[in-house]
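To keep things clear, I will list the structure first and then write my remarks on it.
Number of protein chains: 2
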Amino acid sequence: MRLKSKNLRWIAGRPVVILTEKAAKKLNVHVDDRVKVSLNKKSIYAVVDLFEGVVRDAEIGLSKEISSYLRTKGNETLEISTAEMFLGAKIIKKKLDGASLTKEEIVKVVSEITNNNLTETEIAYFVSAEKNQGMTLQETIYLTEAMINSGKHIHFKDKIVADKHCIGGIAGNRTTPIVVSICTAAGLKMPKSSSRAITSASGTADVMETIANVELSTDKIKKIVDKTNGCLVWGGSLGLAPSDDKIIQVERILNLDVEPQLLASIISKKISAGSNRIVVDIPYGGGKMKTKGEAKALGDKFAKIGKHFNVKFKPVYTDGTQPIGNGFGPVLEMQDVLSVLRNEPDCPQDLKKKSLYLAAEIMSLCGIYFAGSKAKKILESGEAYKKFKEIVNAQNESKDFDKRVKSLSLAKVHFHYYSPKSGKVVEINNQKINSLCRILGTPENPRAGVYLHRHLGKVKEGDDLLTLYSESEERLKDAEKFLLEYQPIKIV
Amino acid sequence: MRLKSKNLRWIAGRPVVILTEKAAKKLNVHVDDRVKVSLNKKSIYAVVDLFEGVVRDAEIGLSKEISSYLRTKGNETLEISTAEMFLGAKIIKKKLDGASLTKEEIVKVVSEITNNNLTETEIAYFVSAEKNQGMTLQETIYLTEAMINSGKHIHFKDKIVADKHCIGGIAGNRTTPIVVSICTAAGLKMPKSSSRAITSASGTADVMETIANVELSTDKIKKIVDKTNGCLVWGGSLGLAPSDDKIIQVERILNLDVEPQLLASIISKKISAGSNRIVVDIPYGGGKMKTKGEAKALGDKFAKIGKHFNVKFKPVYTDGTQPIGNGFGPVLEMQDVLSVLRNEPDCPQDLKKKSLYLAAEIMSLCGIYFAGSKAKKILESGEAYKKFKEIVNAQNESKDFDKRVKSLSLAKVHFHYYSPKSGKVVEINNQKINSLCRILGTPENPRAGVYLHRHLGKVKEGDDLLTLYSESEERLKDAEKFLLEYQPIKIV
Chain A
266 MRLKSKNLRW IAGRPVVILT EKAAKKLNVH VDDRVKVSLN KKSIYAVVDL FEGVVRDAEI
326 GLSKEISSYL RTKGNETLEI STAEMFLGAK IIKKKLDGAS LTKEEIVKVV SEITNNNLTE
386 TEIAYFVSAE KNQGMTLQET IYLTEAMINS GKHIHFKDKI VADKHCIGGI AGNRTTPIVV
446 SICTAAGLKM PKSSSRAITS ASGTADVMET IANVELSTDK IKKIVDKTNG CLVWGGSLGL
506 APSDDKIIQV ERILNLDVEP QLLASIISKK ISAGSNRIVV DIPYGGGKMK TKGEAKALGD
566 KFAKIGKHFN VKFKPVYTDG TQPIGNGFGP VLEMQDVLSV LRNEPDCPQD LKKKSLYLAA
626 EIMSLCGIYF AGSKAKKILE SGEAYKKFKE IVNAQNESKD FDKRVKSLSL AKVHFHYYSP
686 KSGKVVEINN QKINSLCRIL GTPENPRAGV YLHRHLGKVK EGDDLLTLYS ESEERLKDAE
746 KFLLEYQPIK IV
Chain B
266 MRLKSKNLRW IAGRPVVILT EKAAKKLNVH VDDRVKVSLN KKSIYAVVDL FEGVVRDAEI
326 GLSKEISSYL RTKGNETLEI STAEMFLGAK IIKKKLDGAS LTKEEIVKVV SEITNNNLTE
386 TEIAYFVSAE KNQGMTLQET IYLTEAMINS GKHIHFKDKI VADKHCIGGI AGNRTTPIVV
446 SICTAAGLKM PKSSSRAITS ASGTADVMET IANVELSTDK IKKIVDKTNG CLVWGGSLGL
506 APSDDKIIQV ERILNLDVEP QLLASIISKK ISAGSNRIVV DIPYGGGKMK TKGEAKALGD
566 KFAKIGKHFN VKFKPVYTDG TQPIGNGFGP VLEMQDVLSV LRNEPDCPQD LKKKSLYLAA
626 EIMSLCGIYF AGSKAKKILE SGEAYKKFKE IVNAQNESKD FDKRVKSLSL AKVHFHYYSP
686 KSGKVVEINN QKINSLCRIL GTPENPRAGV YLHRHLGKVK EGDDLLTLYS ESEERLKDAE
746 KFLLEYQPIK IV
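Top line first, the protein sequences correspond to chains A and B.
At position 392 of the first sequence the residue is numbered 657 (this note's numbering), and the sequence of numbers has no breaks.
At position 162 of the second sequence the residue is numbered 427 (this note's numbering), and the sequence of numbers has no breaks.
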């Protein structure tokens, strides 16, 4: 059936068309059915909504997801056809039934996701299938490859391009800006792209954004890296492995982190970004990995899949029993990073130590000898801080580093939480600290978050334990309730 | 935050609100985030869309799913708050992680689904979890109980109330109208509610609808059953176990049929409808159950769960290797039913035989002796046909049975498919026949469908095999393509 396009200023979160009841009847479709919308040789699958008074019977209203894909201006003649359950969904069902998928099938699913042809609900079935039926190493390799091929790539002329990744789960743990500053100051090329927060208080991109422009084109990134050796940008807008962002969005609904997806996601993004020497930080004992055995099993898969693509992934296994750093939330974490880079005596020692360790691992993976002592020297001499400034200024295309740092500030509404008794702090729960931050409004409110005054160890009654920051009284109250009910800090 | 309600004539398929970008920013929510919308003491969770030009900054646009639930008229002050991942989603995640759920947790999920507080995507995760992690018998009992308690009930004074159910998967197989006519003529009470098609060409409700009103209130049903002993209505509008309809909608996206859900769905609906003697037809060898062992494992669960609720479920295991009857599609199946009830000599013998068998099983389960010969006598004497007329007339509140039957007609666009060679028909694939019907437009187009001229056995080149009916040339062409590509009839 043919209908005239009408662009609506409507962001629906998925491709949706609006029909009148009469048009829907004629087309023999119902609410939530899928239709195929075609213009010239481009097609997109969309879900049907009925909305009287917005379009005429001869028109089809398009959500922005469709109009921007088909590049409609309005009043074009679109071909609308009903869509049977199609190949992408059939393949997902096959996986949900426990079968292994072929290379062609995985390529198909990834391309259907990339092209917006699968709904959130279908992607949820795919995520569940990956989670519960698992994927063989071979399937994970196919998935990785399909994700690499579905997106853009960045190429560097250098033989060695370094990178790091942490699988997450630890509150704070903002080592990346420090590690990149040290490694690039040591002469390594390190084009670091990071994510925004998925389930945590903030991601490296959220933290960097408090003082730097993090949404850059791949061309700009190449220029900056050629000039400064590194960058600290958001990976989301680069178009590397684009299906991944959609899958993550669906995983986020239940805070899932499905292993084959995690492997394919990280490896495909690193390879697409042009890296070939990557240290993967896998904390265990309190974050996503409960035991060292579990952590090692995952680390082995990184190494094996990497090898298939001729890229060195070196897993390192670190202490995941408690948060790292004092601040949790974009601005609070940036303050921690700055205090380590500036060698302030009261900087968080755990963050400094871990950053030095990771920097040395990367340097050594890239063939630099005496990496440990070199990394320490670079940090403590102020070279790393200078490098960090240089990178931020390059990303901002302006020498405004000092000004941006000076203007950092925290949310005004806050609450002090004191130790209710004397004793020993025996647990600081990563997940609960992250939940607390999200209730306070991170990462959307960069000035919100939690400051941790103590790590594991002795504490006296009335000692400062936490300070909570939020932009909203209401959120602060919710956070206080959460704090009392879930006790993220256990004192005995 | 408070916003003024604006009812939109918009059926979105799920509760959705429309905000301007400015309002969304103020509320700190993004597209696809969830908000809680409250009016007085009623609340509903909804997903956020941004749509400029439809509402003002101080307004919130409501899809019909919300306005009908909150009973808004427009311009009421609604309280909007952001919703963290809440209990329902946490429980689903727990199940997806492999844990068993407690009674309270299952009650919570069912009530969240019933109250529209879980999105399709979250329900998809729940369905996947049930499918891949399985559910214990105890969990399935909790689920059944929660579903019974979440909906309406029908009560009959009679000690014995009969029912039947087929788990489906067999094309045609429209025994229900015949079985109900026989059993009610034998004096049994049998208030039969049926579904519309889920994955097949048509459901019993779709077939009955070709000549009868099937959407009746529970009060009307009680009256009709008190008068005629039986009814043949659609179960969907009765409000029995309402969460089930939503789950089925999500299962349908991938044509899933998840066992614990299937058990809970059938058992809860039968109990809510007041039945206590139920024969469950479980075909094997070609439909949903591959082997008799599989079929028996499922049958045992029906019996066990039924026992917990003091209701007798008797599983019977029937031949599922090929379609039953000649016509597939609402009108075509009604024609088969009528020809059996009228004892026409060329009526489909397989349908007649199976209907007699099931009727006898039900009668015997309800304490009637010599059930087999009695059933046969009731059918062949025309008593069953008379009863069927009586029930249809009662549902239509008019003596229009003959007129309605006379006006039955098939879609005009058709296609004959002849045997391409002489040989033996060795397979008629149920699923492919159903797919063929759906491509032709069933169940939405009741006059569409497939007529099967031959069952398994010898065939000569040029013999009639199938006639395809559709309302649309385009769909007929798609069906011809499917027929040639997928070969639902195998001849050797």
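Note that beta-carbon positions come from the ideal geometry of N, C-alpha and C, so glycine has one too.
For TYR390 of chain B, the closest Cβ of chain A is nearer than 9 Å. Around the CB of ASP314 of chain A, 16 or more other CB atoms lie within 10 Å, so the residue is classed as buried. Within chain B, the C-beta atoms nearer than 7 Å to that of GLY318 of chain A come from ARG274, in chain order.
Taking LYS307 of chain B as the centre and dropping the five residues before and after it, the same chain places the C-beta of LEU335 closer than 6 Å to its C-beta, in chain order. With a cut-off of 8 Å on Cβ pairs, the segment 675-689 of chain A is not in contact with the segment 642-649 of chain A, counting fewer than three such pairs. Chain B has no Cβ within less than 9 Å of the Cβ of LYS373 of chain A. In terms of CA proximity to VAL296 of chain B, A:SER328 leads the group A:SER328, A:SER735, A:LYS287. For SER393 of chain B, the residues of chain A that pass the 9 Å Cβ criterion are LEU361, ALA389, TYR390, VAL392, SER393, ALA394, LYS396, ASN397, in the order they occur in the chain. Shown here, GLY564 of chain A sits in a helix according to DSSP, grouped into three states. Under the three-state reduction of DSSP, CYS702 of chain A is assigned to helix.
Judged by DSSP secondary structure, GLU324 of chain B falls within the beta strand (DSSP E) whose first and last residues are 324-327. If you ignore the 5 residues before and after THR386 of chain B, its C-beta comes within less than 8 Å of no other C-beta in its own chain. Among the residues of the segment 690-713 of chain A, those with a Cβ less than 8 Å away from any Cβ of chain B are ARG703, ILE704, GLY706, GLU709, ASN710, in the order of the chain.
A contact is defined here as three or more CB-CB pairs under 8 Å, and the segment 428-441 of chain B meets this definition with respect to the segment 612-623 of chain B.
Ranking A:ARG703, A:GLU709, A:ALA640 by CA distance to the CA of GLU745 of chain A puts A:ARG703 first. Straight through space, the alpha carbons of GLY592 of chain A and GLU598 of chain A are spaced by roughly 5 Å. The straight-line gap separating the alpha-carbon atoms of LYS290 of chain B and MET266 of chain B is approximately 12 Å. If you compare the alpha carbons of A:ALA538, A:ALA394, A:ASP471, A:HIS679 with that of MET412 of chain A, the shortest gap goes to A:ALA538.
Under the Cβ criterion of 9 Å, ASP297 of chain A is counted among the residues facing chain B. Annotated as proximal: ILE754 of chain B and LEU730 of chain B, with beta-carbon spacing under 9 Å. Contact of ASP314 of chain A with chain B by beta-carbon distance below 9 Å involves TRP275, ILE276, ALA277, GLY278, VAL281, SER328. Between LYS429 of chain B and LYS457 of chain B, the C-beta gap is smaller than 9 Å, which places the two residues in contact. If you draw a straight line from the Cα of ALA311 of chain B to the Cα of THR367 of chain B, it is about 27 Å long.
Taking 3 residues as the minimum length, the beta strand (DSSP E) runs contained wholly in the segment 516-564 of chain B are 542-549, in order along the chain. Here ALA529 of chain A has THR405, LEU408, THR409, MET412 as same chain residues with Cβ atoms under 7 Å from its own Cβ, once five neighbours each way along the sequence are excluded. Cβ neighbours of LEU481 of chain B within its own chain (closer than 7 Å, five residues either side excluded): VAL498, GLN660. Per DSSP, reduced to three states, the secondary structure at PRO507 of chain B is coil, with no helix or strand assignment. When C-alpha distances from LYS488 of chain B are compared across B:ILE309, B:ILE656, B:ASP298, B:VAL715, the shortest belongs to B:ILE656. Apart from the 5 residues on each side of it in sequence, ARG542 of chain A sits with its Cβ closer than 6 Å to the Cβ of ILE425, ALA427, LYS577, LEU630, CYS631 in its chain, given in chain order.
Boundaries of the alpha helix (DSSP H) harbouring VAL602 of chain B: 595-606, taken from the DSSP string. When 8 Å is used as the limit between beta carbons, LEU284 of chain A is near no residue of chain B, the shortest such separation being about 10 Å.
Among the bridge pairs identified by DSSP, HIS681 of chain A is matched with A:THR732. THR493 of chain A carries a helical assignment under DSSP once its states are collapsed to helix, strand and coil. The count of Cβ pairs closer than 8 Å, one atom from the segment 272-283 of chain B and one from the segment 315-324 of chain A, reaches three, so the stretches are in contact.
Identification of chain A residues near THR386 of chain B by a Cβ-Cβ cut-off of 7 Å yields GLU385, THR386, ALA389, VAL515, ILE518, ordered along the chain. HIS430 of chain A is bridged by DSSP to A:VAL545.
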